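Enquirer: First, the structure itself, so that you have it in front of you.
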Amino acid sequence: MQTLDAEQKRFITQEIQNWRKNRILPEMYCDFLLTLYGREMVEDVPESETKKHWTDSILSMSIRQCLTVFISIAFICIVGIYFTVFPLPMQILTVGSIFLLFGIRAIKVKEGNSVARSLLMGIGLVSFSIGGQWVLAQIQMQESGFYFRIALLAASALLWLVCGMIVRSAWIQWIGLMHVAIAYMLLIMHVMPELNSMLLQWLWIPEALLLIWMAWMVHKRKRGVSAALLLTAISCVLAPEMMQLMRSDINPSWAIQVESVLLVKVLSIMLIGFYFRKQWVKWIRDNKNI
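So the sequence shown is numbered by my numbering: it starts at 1380 and just counts up by one.
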């Protein structure tokens, strides 16, 4: 059998690492192959390749990158200071530009750096959601203003979900689903302002159970979507009490009862999570996008 030199072993090891990273082969097979070439774990790579100080990035920056950072900071400062005095078309253009800039930058980031992709995309989406609501508030509308706000929440929800799937982020998809939940809550408060506790439970708990069932159905194929559905279901379970506590005319004695029910729900969720901790911890570790 021909003996491999150090350079060939290093090349083969990098290829096996790529197979494991892209899930081409199961982890146990990759560990076995790495053991054959003198590597017991994938993480056992040279220290010089894994540990780099953040100042190394500064030392390696070019003049073009420095100017890009300066222009970006100056643009954000100018927009933050003068955004409220911009005319309405300029505000709309600014919000759209910020979203596009951060969204395109997030897509260009390598897939292995999921945190940076999610952070950049999240900044762009937050700018769109908050900026969109601000622009809508500047438009003088009476009754139709409420439904325009609901429509904007629905559009924002769709955008968050699509972008979350693009960057494969369960958190971004969860925030998108929460936009839908907030729109649903506002519709309930607008159409039926006088609601008792039992009716609110009926309006939220069945939806939460449906989301849990949907999360279970897709948890093997779409783990990011499943995590977003499960987090939204937990939020829906707590929504009835949160809606009651948000009312300005709530009786203090009744508020104590609502808070007690809320604490019981939170405790129940924590106990269920503790009982199934082995399953969901393993599930999160197996999926790097959660």
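Idealized CB from N, CA, C, for every residue including glycine.
Bear in mind the structure is a predicted one, so any value in this text is a computation, not a measurement.
Leaving out five residues on either side along the sequence, give the residues of the same chain with a beta carbon under 7 angstroms from the beta carbon of residue 1614.
Expert: 1557 and 1560
Enquirer: Within 10 Å of its beta-carbon, does residue 1423 have 16 or more other beta-carbons around it, so buried, or fewer, so exposed?
Expert: Note that residue 1423 scores a pLDDT of 44, beneath 50, so its modelled location is shaky and nothing firm can be said.
Enquirer: If you run the structure through DSSP and keep just helix, strand and coil, what is residue 1406?
Expert: helix
Enquirer: Rounded to whole angstroms, what's the CA-CA distance from residue 1538 to residue 1480? Just pull it up for me.
Expert: 15 angstroms
Enquirer: Does the Cβ of residue 1499 have 16 or more other Cβ atoms within 10 Å, making it buried, or fewer, making it exposed?
Expert: Result: buried.
Enquirer: Quick check: what's the CA-CA separation for residue 1391 versus residue 1412?
Expert: 9 angstroms
Enquirer: Would you identify the three-state DSSP class for residue 1569, choosing helix, strand or coil?
Expert: helix
Enquirer: Whole angstroms is fine: what's the gap from residue 1549's alpha carbon to residue 1570's?
Expert: Rounded to whole angstroms, residue 1549 to residue 1570 spans 32 angstroms at the Cα level.
Enquirer: Three-state secondary structure (DSSP) at residue 1518?
Expert: coil
Enquirer: Ordered along the chain, which non-local residues of its own chain (more than five positions away) have a Cβ less than 6 angstroms from that of residue 1540?
Expert: 1552 and 1555
Enquirer: Am I right that residue 1564 and residue 1618 are in contact with their C-beta atoms under 8 angstroms? What's the rounded C-beta distance?
Expert: 7 angstroms
Enquirer: Tell me which residues share the same chain as residue 1430 and place their Cβ nearer than 6 angstroms to its Cβ, disregarding the 5 neighbours each side in the sequence.
Expert: Because residue 1430 carries a pLDDT of 47, less than 50, the predicted location of this residue cannot be relied on, and the following value inherits that uncertainty. Answer for residue 1430: no residue qualifies.
Enquirer: With distances taken from CA atoms, which of 1636, 1637, 1647 and 1506 is nearest residue 1471?
Expert: 1506
Enquirer: Where does residue 1399 sit, in a helix, a strand or coil, going by DSSP?
Expert: helix
Enquirer: Go ahead and pull the three-state DSSP assignment for residue 1640.
Expert: helix
Enquirer: As a quick exercise: from 1462, 1543 and 1529, pick the residue whose alpha carbon is nearest that of residue 1605.
Expert: 1543
Enquirer: To the nearest angstrom, how far is the alpha carbon of residue 1453 from that of residue 1465?
Expert: 17 angstroms
Enquirer: Quick one, which of 1445, 1474 and 1400 has its alpha-carbon nearest residue 1511's?
Expert: 1474
Enquirer: Let's see if you can read the secondary structure: which residues bound the alpha helix (DSSP H) around residue 1626?
Expert: Residue 1626 -> no alpha helix (DSSP H), and no H or E assigned at all.
Enquirer: Where residue 1616 and residue 1441 are concerned, what is the direct C-alpha to C-alpha distance, given to the nearest angstrom?
Expert: 51 angstroms
Enquirer: Measure the C-alpha to C-alpha separation of residue 1601 and residue 1593 and round it to an integer number of angstroms.
Expert: 11 angstroms
Enquirer: Within 10 Å of its beta-carbon, does residue 1656 have 16 or more other beta-carbons around it, so buried, or fewer, so exposed?
Expert: exposed
Enquirer: In whole angstroms, what is the alpha-carbon distance linking residue 1652 and residue 1467?
Expert: 47 angstroms
Enquirer: Just mark residue 1533 as buried or exposed, buried being the case when its beta carbon has 16 or more other beta carbons within 10 Å.
Expert: exposed
Enquirer: Report the CB separation of residue 1612 from residue 1587 in whole angstroms; it is logged as a contact under 8 angstroms.
Expert: Right, the Cβ-Cβ distance comes to about 5 angstroms (below 8 angstroms), so this counts as a contact.
Enquirer: Could you pull the start and end residues of the alpha helix (DSSP H) that residue 1468 belongs to?
Expert: 1467–1487
Enquirer: DSSP on residue 1602, reduced to helix/strand/coil?
Expert: helix
Enquirer: Apart from the five residues just before and just after residue 1634, which ones in its own chain have a Cβ nearer than 7 angstroms to its Cβ?
Expert: Sequence-distant partners of residue 1634 (beyond 5 residues in either direction) whose C-beta falls short of 7 angstroms from its own C-beta, in its chain, are 1624.
Enquirer: Count the other C-beta atoms from every protein chain shown that fall within 10 angstroms of the C-beta of residue 1648, then say buried if there are 16 or more, exposed otherwise.
Expert: exposed
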